[in-house]
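As you go down the protein sequences, you meet chains A and B in turn.
Residue numbering for the first sequence follows this note's numbering, starting at 1 and increasing by one per position.
Residue numbering for the second sequence follows this note's numbering, starting at 1001 and increasing by one per position.
Each residue gets a CB set at the ideal place from its N, CA and C atoms; glycine is no exception.
Notes to accompany the following structure.
Protein chains: 2
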Amino acid sequence: MTQTEEQDLLQLQNFLTYRLARVQARLNAQAVRLLKETAGINLSQWRVIAMIGSGGDDTVLAADLKRIMGFDKGLFSRTVRGLMADGLVTSAVDERDQRCQRLALTNSGRALYNSTLPVMRARQERLQDALDADELVALLSGLDKLETAASAGGHA
Amino acid sequence: MTQTEEQDLLQLQNFLTYRLARVQARLNAQAVRLLKETAGINLSQWRVIAMIGSGGDDTVLAADLKRIMGFDKGLFSRTVRGLMADGLVTSAVDERDQRCQRLALTNSGRALYNSTLPVMRARQERLQDALDADELVALLSGLDKLETAASAGGHA
DNA sequence: ATGGGTAGGTTGACAGGTCAACTAAAAAGG
DNA sequence: CCTTTTTAGTTGACCTGTCAACCTACCCAT
C-alpha cells in the first residue's frame, strides 16, 4: 500500500461522523471499564442508579426516568431487573396508578451511588479539563447543532 | 415530580459524555437508515466498501483496512462474508502472504460505491454546513482533545 | 358502565459489536 | 534447519440496545 493510498483511506476517517463515533466509542468503553472496576455494574445500571439517587425524593417513578433519559422500554425493564437482583434497587407499584413503578435505592444501592458518583464526576471533570472553557462551550454548541441538523435531515 | 427534581435529573444529562453519546446515536441511526434506503447495506458494510473503493488500486489488503479503520477482527470477517454473499466484494488469497486476503469490489460493488459515495458525502457536508468553519474546527479539535484525554486516563 | 384508545411494563427476537479461543501461515532466533 | 513467536483470519459465546408483540391498567367518550 502506497503512501497516497493510505492517505486516501485515512481521509475517509476525517469524516466528522467517523471521528465522533470513534471518540464516543472510546469514552464509552472507558466508562464501562471504570464502572465495572469500581462498582461492578454496567453503564445502563449506573444511569438508572444515578437518576434515582440524584432525585430529591427517596422514590422515583420509573416512567419519568425513561422519559427523561430517553431510555428504551425493554432495556430499562431488564436493567431494573438486574439491579433488583443485585439488591441495589427496589420497586413498588405506585398506589395511585397501578401501572407505574416507584423505584428506590436500597441501602447498598445508596452506598454505591455515593461512592461512585464522585468517581464519575471526577472523570467528567478530567475530560472537561482537557478543554478550556471556550472549547467546552464550542464543543457543546457544536454537538447541539449537529444533533439538530441530524434530526432535521433524518426524515427528509 | 417537582421542578427541582426534574432539574437535578436533567443536570445529569448535561454531562458531556451523555451529550456525545446521544448525538452520536442519532447520527448513527440516521446513517444506518440512509444506507439501508439507498444502498440496502448496513454501516459496517458501507465502511468496508468505502475503504476498498477509495483505494487507488483495485485490490486492498484486508489487514490494512482493519488496522486503519480500527475494525474488530470478528466483525470485519462477518461483514466481508456478507458483502461476498451479496456479490459486492470478492476476496482472494494474497500470493506473497497466504494469510492475507486481497479484497476487491465487483462491478456491482463498484457501482454501489459510486452511487452511494455522493449520498454519504452530501450528508457529511450537510452536517458540516450546520456549523460554520470556526465551529467545525473547534468541534474537531475538541473531539481530538477528548479522545486524547480518554486514552490518557483510560488505563490510569 | 362500557368499549376504545392510550400509557406502563414485560418479553422474545434480532442486529451490531466485543472478546476470547482456535487454526494456519509467516517471521524470528537459535 | 527446527522451534518459538507473531500475525491474519474464522468462529462461538456473549453483551448491549432496538423493535415489535403482548398484557394490563387507566382514561375518556358516549
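Provide the residue(s) that pair with residue i in DSSP beta bridges, ordered along the chain.
i, result
"A92 of chain A", "A:R102"
"V60 of chain A", "A:L103"
Using 10 angstroms around the beta-carbon of residue i, count the other beta-carbons present and answer buried if the total reaches 16, otherwise exposed.
i, result
"V1060 of chain B", "buried"
"A1085 of chain B", "exposed"
"G55 of chain A", "buried"
"V80 of chain A", "buried"
"H1155 of chain B", "Its pLDDT being 42, under 50, H1155 of chain B is placed unreliably by the model, and nothing is read from it."
"R1158 of chain B", "As displayed, chain B neither begins before 1001 nor continues past 1156, which places residue 1158 of chain B out of reach and without an answer."
"A133 of chain A", "exposed"
"R1067 of chain B", "exposed"
"R96 of chain A", "exposed"
"R99 of chain A", "exposed"
"A92 of chain A", "exposed"
Is it the case that the Cβ atoms of residue i and residue j are separated by a distance below 9 Å?
i, j, result
"R19 of chain A", "L1143 of chain B", "yes"
"L16 of chain A", "A1021 of chain B", "no"
"S115 of chain A", "L88 of chain A", "no"
"L117 of chain A", "I52 of chain A", "no"
"K145 of chain A", "A1130 of chain B", "yes"
"L139 of chain A", "A1138 of chain B", "yes"
"A63 of chain A", "Q24 of chain A", "no"
"L75 of chain A", "I49 of chain A", "no"
"L1034 of chain B", "N1042 of chain B", "no"
"Q30 of chain A", "R123 of chain A", "yes"
"E135 of chain A", "S1077 of chain B", "no"
For chain A, check one thing: does any of its Cβ atoms lie closer than 9 Å to the Cβ of residue i?
i, result
"A1031 of chain B", "yes"
"G1154 of chain B", "Reliability fails at G1154 of chain B, whose pLDDT of 43 lies under 50, so the model's placement of it is uncertain and the value that follows must be treated cautiously. By this cut-off, G1154 of chain B is an interface position."
"E1037 of chain B", "no"
"D1058 of chain B", "no"
"T1116 of chain B", "no"
"D1086 of chain B", "no"
"R1126 of chain B", "yes"
"R1096 of chain B", "no"
"T1079 of chain B", "no"
"N1028 of chain B", "yes"
Within 9 Å of any Cβ in chain B, is that where the Cβ of residue i sits?
i, result
"L140 of chain A", "yes"
"K145 of chain A", "yes"
"V93 of chain A", "no"
"Q45 of chain A", "no"
"G74 of chain A", "no"
"N42 of chain A", "no"
"L20 of chain A", "yes"
"L103 of chain A", "no"
"V23 of chain A", "yes"
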